[in-house]
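First up is the structure itself, then whatever we jot down about it.
Numbering (my numbering), first residue to last: 766 to 800.
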């Protein structure tokens, strides 16, 4: 994970993480823990 200050690459990376099942699982876990 490089600390790149390029908004375009950061957004692309975010979208790639966002579409992964791992990200979805983490979000679900956070929702359950914070409920």
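Yeah, the Cβ is synthetic: ideal placement off N, Cα and C, and Gly gets one too.
- Considered as a whole, the segment 767 to 798 harbours 772 to 783 as its complete alpha helix (DSSP H) runs of no fewer than 4 residues, in chain order.
- Inter-residue distance for residue 778 and residue 800 is about 28 angstroms (C-alpha atoms, whole angstroms).
- Here the alpha carbons of residue 784 and residue 792 stand approximately 12 angstroms from one another.
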